[in-house]
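One line per chain: the protein sequences are L and G, in this order. Per this note's numbering, residue 108 is the first one in the first sequence, and the count goes up by one each step. Per this note's numbering, residue 125 is the first one in the second sequence, and the count goes up by one each step. Where is the CB? At the ideal position from N, CA and C, for every residue including glycine. See below for the structure under consideration.
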Amino acid sequence: MENLHFEYEVAGNNFSQAGMASDAVKSTLKKMGIASEDIRRVAIAMYEGEINMVIHGGGGVAVIDIFFDHIEIKLIDHGKGIENIELAMTPGYSTAEDEIRALGFGAGMGLPNMKKYADVLEIESEVGVGTTVYIRVDFH
Amino acid sequence: MKLSKLIDALKATKVNVVDKDFEVTKGYCGDFLSFVMGKAPSGCAWFTVMTNINVCAVATLAEVGVIVVCEGAKSTPELVDKAKAQDVNLIETKYDIFEAVKRYIAAEA
Ligand SMILES: Nc1ncnc2c1ncn2[C@@H]1O[C@H](COP(=O)(O)OP(=O)(O)O)[C@@H](O)[C@H]1O
Ligand SMILES: [Mg+2]
Chain L
108 MENLHFEYEV AGNNFSQAGM ASDAVKSTLK KMGIASEDIR RVAIAMYEGE
158 INMVIHGGGG VAVIDIFFDH IEIKLIDHGK GIENIELAMT PGYSTAEDEI
208 RALGFGAGMG LPNMKKYADV LEIESEVGVG TTVYIRVDFH
Chain G
125 MKLSKLIDAL KATKVNVVDK DFEVTKGYCG DFLSFVMGKA PSGCAWFTVM
175 TNINVCAVAT LAEVGVIVVC EGAKSTPELV DKAKAQDVNL IETKYDIFEA
225 VKRYIAAEA
């Protein structure tokens, strides 16, 4: 079977639009008949990554490839980058501003959630250049 | 318990009730969206004071059964529209989260 390929623009700092790419991927998986537990893991991992692009990355693009037994999600931004990835992965660590936290974001649990729900999570980042997050979720 | 029973117990306003016979079996309290996505059980009643549009997105992702906006907080129009568009149960109660949960437990017993 050919894989399905999608690309979505994610606007930076736009919180009413945030999550549209994850939503679209979720509906596609639903139509394909993927198990709801798998969809939940994909959707949450991708939403957390999408939100990070919106909040911290100034927006970017989401590149999606869906195979019969797994999905690959690449989230690419050209924002400020992450100085210390290990520190960023620490549960509770967040650099989000108060106004972001007032929206319910910025708990510092986004990357830990992505790690929890993804089968593979890889982060490449360079300060001042940008961040690429690779998420793979296997369908069970 | 059925959602309709929870609505009575909380003297709640039905902002968007898709299925009043929905069976609520669990609960989750919290306002940080990532905690909800990491921990809220599927089909739960989610007690929160957050009212922005992202609440609905997270409820859908985490498969929350009903959003319970507490403390007399009012859902933003964007949240209401999104809940209607996505068929998400959304109710509001004047009680604070502690009181709302006490009433939930009492109604369940
Ligand atoms: N795409 C990104 N670009 C720049 N910094 C990021 C990005 N993603 C995450 N970070 C950094 O990692 C921290 C932790 O991320 P996360 O666990 O999602 O928590 P939160 O988003 O709640 O702050 C963020 O506060 C931010 O400093
Ligand atoms: Mg985050």
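Nearest to residue i by alpha carbon, out of the options?
i, options, result
"G/Glu-187", "G/Val-225, G/Cys-168, G/Arg-227 and G/Gly-151", "G/Cys-168"
"L/Phe-122", "L/Ala-142, L/Met-160 and L/His-112", "L/Met-160"
"L/Gly-235", "L/Ala-195, L/Ile-189 and L/His-247", "L/Ile-189"
"G/Glu-251", "G/Met-174, G/Ile-221 and G/Tyr-228", "The requested residue 251 of chain G does not occur in the structure, where chain G is confined to residues 125 to 233."
"L/Phe-113", "L/Val-170, L/Gly-199 and L/Glu-229", "L/Val-170"
"L/Met-216", "G/Glu-195, G/Asp-143, G/Asp-205 and G/Ser-158", "G/Ser-158"
"G/Ala-183", "G/Glu-195, G/Ile-215, G/Gly-196 and G/Lys-198", "G/Ile-215"
"L/Asp-245", "L/Glu-193, L/Asp-226 and L/Gln-124", "L/Asp-226"
"L/Glu-193", "L/Asp-176, L/Pro-219 and L/His-177", "L/Pro-219"
"G/Ser-128", "G/Val-139, G/Asn-140 and G/Phe-146", "G/Phe-146"
"L/Ala-131", "G/Ala-207, G/Ala-181 and G/Ala-230", "G/Ala-181"
"G/Lys-198", "G/Asn-140, G/Asp-132 and G/Met-161", "G/Asn-140"
"L/Arg-243", "L/Asp-176, L/Asn-120 and L/Gly-119", "L/Asp-176"
"L/His-247", "L/Glu-144, L/Asn-120, L/Glu-231 and L/Tyr-241", "L/Glu-144"
Shorter than 9 Å from the beta carbon of residue i to some beta carbon of chain L?
i, result
"G/Val-147", "Just to set this straight, residue 147 of chain G is Glu in the shown sequence, not Val. So, not an interface residue."
"G/Phe-171", "no"
"G/Val-193", "no"
"G/Gly-189", "no"
"G/Gly-162", "yes"
"G/Ile-221", "no"
"G/Asn-178", "yes"
"G/Val-142", "no"
"G/Asp-155", "yes"
"G/Leu-214", "no"
"G/Val-182", "yes"
"G/Leu-185", "yes"
"G/Ser-90", "Because chain G in this structure spans residues 125 to 233, residue 90 of chain G falls outside the shown range and cannot be described."
"G/Ser-128", "no"
Could you name the residues of the same chain whose beta carbon sits closer than 6 Å to that of residue i, not counting the 5 residues immediately before and after it, in chain order?
i, result
"L/Phe-174", "Asn-110"
"L/Ile-178", "Val-149 and Val-244"
Spatial neighbours of residue i within its chain, please: C-beta separation below 8 Å, excluding the five flanking residues on both sides.
i, result
"L/Gly-213", "Ile-162, Ser-201, Ala-203, Glu-204 and Ile-207"
"L/Lys-222", "Met-196 and Leu-228"
"L/Ile-146", "Lys-133, Leu-136 and Lys-137"
"L/Ile-248", "Residue 248 of chain L is absent from the model: chain L starts at 108 and stops at 247."
"G/Gly-151", "Cys-168, Ala-169, Trp-170, Phe-171, Val-225 and Tyr-228"
"G/Ile-131", "Lys-138, Val-141, Lys-144 and Ile-215"
"L/Glu-233", "Gly-188"
"L/Asn-120", "Val-161, Ile-162, Gly-165 and Gly-166"
Within the same chain, show all residues whose beta-carbon is closer than 7 Å to that of residue i, passing over the 5 residues directly before and after it, in chain order.
i, result
"L/Gly-186", "His-163, Gly-164, Gly-165, Gly-237 and Thr-238"
"L/Met-139", "none"
"G/Lys-163", "Tyr-152"
"G/Gly-154", "Val-160 and Thr-172"
Verify whether the separation of the beta carbon atoms of residue i and residue j is less than 9 Å.
i, j, result
"L/Asp-172", "L/Val-117", "no"
"G/Asn-176", "G/Thr-137", "no"
"L/Ile-180", "L/Ala-142", "no"
"G/Phe-156", "G/Ala-224", "no"
"G/Val-179", "L/Gly-156", "no"
"G/Val-142", "G/Asp-205", "no"
"G/Lys-250", "G/Gly-196", "Only positions 125 to 233 of chain G appear in this structure, which leaves residue 250 of chain G out of reach."
"L/Val-168", "L/Tyr-224", "no"
"G/Ile-221", "G/Ala-207", "no"
"L/Tyr-154", "G/Leu-185", "yes"
Residue i CB to nearest chain G CB: under 9 Å?
i, result
"L/Ile-151", "yes"
"L/Asn-121", "no"
"L/Glu-155", "yes"
"L/Ala-125", "yes"
"L/Asp-130", "yes"
Open item on the list: Considering only heavy atoms of ligand 2 and the C-beta of each residue, which residues fall inside 6 Å, strictly closer?
Closed with: L/Glu-155, L/Ile-158, L/Asn-159 and L/Gly-217
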